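S.K.: Handing you this structure, nothing more for now.
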Amino acid sequence: METNFKSLLTQGARFLYIDTERSFFPGRPYVPGAGELPIPDAEKIIDPINSVTGRFGRRIDALLEEHPCRDAAYFASTYCRLGLAKKAYSQHENPADYTLTLEEFQQWRRGGVQFPFGADRFERHLHEMGGSIVLWNEHAREGTPGAQMHPGFTHEPSALFYRGGTPEVHPIGNMEDAGLIGRYQHDQVPAVFVAGISENGVLERTLTEIAGKGIKTFYFVDGIAGVQMLKIRQQLQEAGITGITTKDFIAQLSQN
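56 is the number of the first residue of the sequence shown in our numbering; add one for each residue after it.
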């Protein structure tokens, strides 16, 4: 049976932006803070998203990535300043150059390297993340233009939620700190429609966690950049998560 989107909106369904900060957009045209960690063709999702967000009124949220300082343990530049040979992630680089392993970090500590973050906490984080993490360019730092919503979106979120907030733990490693899903449960939100940037599995993980709480979960397939949806569409479907186009969503709402 076809899902009744109009009914879900009447019941209080919400729209959720994921990682739609300036940092993740290449900047065509350029806006301050753009291009720090650019996702190819990210600008293509702006118009489709703008076409649907107005239907949600003030029920619009954003789950954003924000980093507290330039000396974060997951920024490659932090290690470069210490004279340690590490690069930021790029599809053109050798994975060993942008991946930091627990063994490598412990070896540096034994060698007397003094880190500008809590080494004990970060070492525990590395262990919790399976023994390695990917290092990134500096991006979306707190208080900088790169951490702000891209100005191309016409409907601003009424509530902002942030992942992370410590220099030792990357936001993908402590998403529960954001408080988003707890808020949805408290407010008895019937459904959530998601769009935005997917990098490092954050969008997919968010979708799965929301659906796991019994909330109807949808994503706009033309409103997502940074992931090959064909690779994850099956696993999302198995989790009860539905992909729709913005045009189909609008068309159904237009029906009598």
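All C-beta atoms, glycine included, are put in the ideal place defined by N, C-alpha and C.
Given the structure is predicted, the values throughout are model-derived calculations rather than measurements.
1) Taking the straight line between their C-alpha atoms, what separation do you get for Gly269 and Thr75?
2) Just to check, is the beta-carbon of Thr301 closer than 7 Å to a non-hydrogen atom of the ligand GTP?
3) Taking Cβ positions, are Tyr129 and His210 nearer each other than 8 Å?
4) Take the Cβ of Ser253 as the centre, count every other Cβ of all protein chains shown within 10 Å, and call the residue buried at 16 or more, exposed below.
5) Which partner residues of Glu54 appear in the DSSP bridge assignment?
6) Note down the Cα distance separating Val276 from Ile299, rounded to an integer number of angstroms.
7) Mind checking which residues open and close the beta strand (DSSP E) that includes Tyr72?
8) Checking 8 Å against the spacing of the C-beta atoms, do Gln181 and Ala131 come in under that value?
9) Looking only at C-alpha atoms, which of Gly207, Leu291, Val257 sits nearest to Asp102?
10) Do the CB positions of Leu118 and Thr301 come within less than 8 Å of each other?
11) Cα separation between Gln243 and Leu235?
12) Pull up the CB-CB distance for Arg69 and Val247, whole angstroms please, since I reckon it's below 8 Å.
13) Between the alpha carbons of Leu137 and Gly173, how many angstroms are there, rounded?
14) Could you tell me the distance, in whole angstroms, from the CA atom of Asp46 to the CA atom of Gln310?
15) Hey, Leu71 and Asp116 are a contact pair by Cβ (cut 8 Å); roughly how many whole angstroms apart?
16) Opposite Met204 in the DSSP bridges: which residues?
17) Less than 8 Å separating the beta-carbons of Ala280 and Ile100?
18) Across which residues does DSSP place Thr133 in a beta bridge pair?
19) Based on the DSSP output, what are the partners of Ser187 in its beta bridges?
20) Counting along the chain, where does the alpha helix (DSSP H) carrying Phe60 start and finish?
M.R.: A quick look at the data gives this:
1) Approximately 25 Å, taken between the alpha carbons.
2) The ligand GTP is absent from the structure shown, which contains no ligand whatsoever.
3) In this structure, His210 does not lie closer than 8 Å to Tyr129 by Cβ.
4) Answer is buried; the Cβ neighbour count reaches 16.
5) The first residue shown for the chain is 56 and the last is 311, placing residue 54 beyond what the model contains.
6) Going from the Cα of Val276 to the Cα of Ile299 covers about 6 Å.
7) Looking at the DSSP string, the run of the beta strand (DSSP E) that includes Tyr72 is 69-73.
8) At residue 181 the sequence reads Leu, which differs from the Gln that was named. For Leu181 and Ala131, no; Cβs fall outside 8 Å.
9) The candidate whose alpha carbon is nearest that of Asp102 is Gly207.
10) The answer is no: Cβ separation not under 8 Å.
11) Going by the C-alpha atoms only, they are around 12 Å apart.
12) Yes, they are in contact, since the Cβ atoms of Arg69 and Val247 sit about 5 Å apart, within 8 Å.
13) Those two C-alpha atoms are separated by around 15 Å.
14) The requested residue 46 is not part of the displayed model; the chain covers only 56 to 311.
15) Yes, they are in contact, since the Cβ atoms of Leu71 and Asp116 sit about 5 Å apart, within 8 Å.
16) Here Met204 is bridged, per DSSP, to Glu76.
17) Yes; because the gap between Cβ atoms is below 8 Å, this pair is in contact.
18) Partner(s): none; Thr133 has no beta bridge.
19) Paired residues: Thr156.
20) Looking at the DSSP string, the run of the alpha helix (DSSP H) that includes Phe60 is 60-66.
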